[in-house]
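To start, the structure under review is shown below, and the notes come after it.
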Amino acid sequence: MTTGYDTEKAQAAAWFRSLRDQITTAFEALEDGFAAPTPPGRFEVTPTTRDSGGGGEMSVMRNGRVFEKVGVNISTVFGTLGAPAQKAMAARGVPGMAEDPRFWAAGISLVAHMQNPHTPAVHMNTRMFWTPHAWWFGGGADLNPCIEYADDTAHFHAELQSACDAHHPDYYGKFKAWADEYFFIPHRGRARGVGGIFYDDLNTGNWAADFAFTQDVGRAFLRAFLPVTERRLGTAASAADRETQLLHRGLYAEYNLVYDRGTKFGLETGHNPDAVLMSLPPLAKWY
C-alpha cells in the first residue's frame, strides 16, 4: 500500500504552484515586451473549490497583446472517487479501488490561445495522483499551430527531448509516440497539432526520480515555447490567417470536450467546471 506520502504530496503541490508562478511571470513579461497600442495583459487569479475536498487557483489572462486567452491552473483535490471514476481507474490497473476508493491529486494545467495566427497555441500539464494502493505522475506538452513552421516544431521537440534524455534514453521516443496517439482526433482522422510528449501512470518505484523528471518537463516548457512565440509575434496576419486559426481552434475544442482524459476526470469528480473548461478557446469556428 502507499498509505501516507504526506511529505511527497506537499512537495509536489508546492512545485506545481512554483511552476505556475514562473510561467505567469514569464508570460506577463512577454506582454510587456511586445509593443502594441493596447495595454499589456495581466493574469486574474481566482480561487476554486471542490465541494468534496480541495480546490485550487485559476490564473487567466484575456485579450492581451500576445495572448488572446491563456489559463494556468493549479489544483490539489482529494476525497472519494465515484463509481465511474473507480471503474476507470480499475480498468487502468489501479488495485484496490473498490475496497478503498480514496484519492489525492495535484497538478498544473496550461492552455494558451494566441492573438497572432502565426504564433502557436500550446498545452502543458503535469500532475501527481495518489490512492492508498498506488501513486504515479503524468503530463506532457504539445504544440498546436494553425500555421506550422518546421523550425518551430523542431525547436519545441528538441527542448522536450533534452528533458527526457536527461532521465532515460527511451523516454522521448516512447512519450512522443504516446502523444501522437493521445492527441489524435479519431473522428477527424488527424492530430490536433504537431505533437510533443505525453506520459501517464509513471511509477518506476523511485518517487524522487519520477518527481525529478516531472519537474524537468515543467522547466523545459518555457524554453520550448517562448522562442517560437517571440520569433512569430511580428509576422503580419491576414483575414484568411485568422479564419484558419478559428477553424483550427474548433479542432482543439472538439478534442478537449470529447476525448481529453483530464476534462473527463475533472467533471466526473465535481471540480469547478470553469476551471476544468479553461482550456476552451475564446472564439472558434466550424464549417
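Heads up, the sequence shown is in the numbering used here, so the first residue is 5 and it goes up one at a time. Even glycine gets a Cβ: it sits at the ideal position worked out from N, Cα and C. Here the structure is a predicted model, which means the values were calculated and not measured.
Counted within 10 angstroms of its Cβ, other Cβ atoms place residue i as buried (16 or more) or exposed
i: L287; result: exposed
i: P121; result: buried
i: N67; result: exposed
i: P277; result: exposed
i: V49; result: exposed
i: G143; result: buried
i: G193; result: exposed
i: D125; result: It should be noted that the sequence gives Ala, not Asp, for residue 125. So A125 counts as buried.
i: M5; result: Any answer about M5 is weak, because its pLDDT of 43 lies below 50 and its placement is not dependable; what the coordinates show is given next. Label assigned to M5: exposed.
One or two residues paired with residue i in a DSSP bridge
i: M65; result: V74
i: T29; result: Partner(s): none; T29 has no beta bridge.
i: F82; result: W108
i: G59; result: T53, T80
Residue i vs residue j beta-carbon contact at 8 Å
i: M65; j: F47; result: yes
i: F293; j: G45; result: A question about residue 293 goes unanswered here, because the residues of the chain that appear run from 5 up to 291.
i: D146; j: A183; result: yes
i: N210; j: W140; result: no
Inter-residue Cα distance where the pair is residue i and residue j
i: F225; j: T267; result: 21 Å
i: D169; j: P136; result: 31 Å
i: Y9; j: V81; result: 15 Å
i: G254; j: N129; result: 21 Å
i: G199; j: T123; result: 15 Å
i: F217; j: H161; result: 16 Å
i: P43; j: P173; result: 45 Å
Any non-hydrogen atom of the ligand GTP closer than 7 Å to residue i Cβ
i: L23; result: Only the bare structure without any ligand can be found here, which leaves the ligand GTP out of the picture.
CA nearest to the CA of residue i, picked from the options
i: H191; options: V76, D245, A181, Y263; result: Y263
i: F188; options: F31, A213, E258; result: E258
i: G270; options: Q26, T11, R131; result: R131
i: A228; options: E103, A94, H127, T52; result: H127
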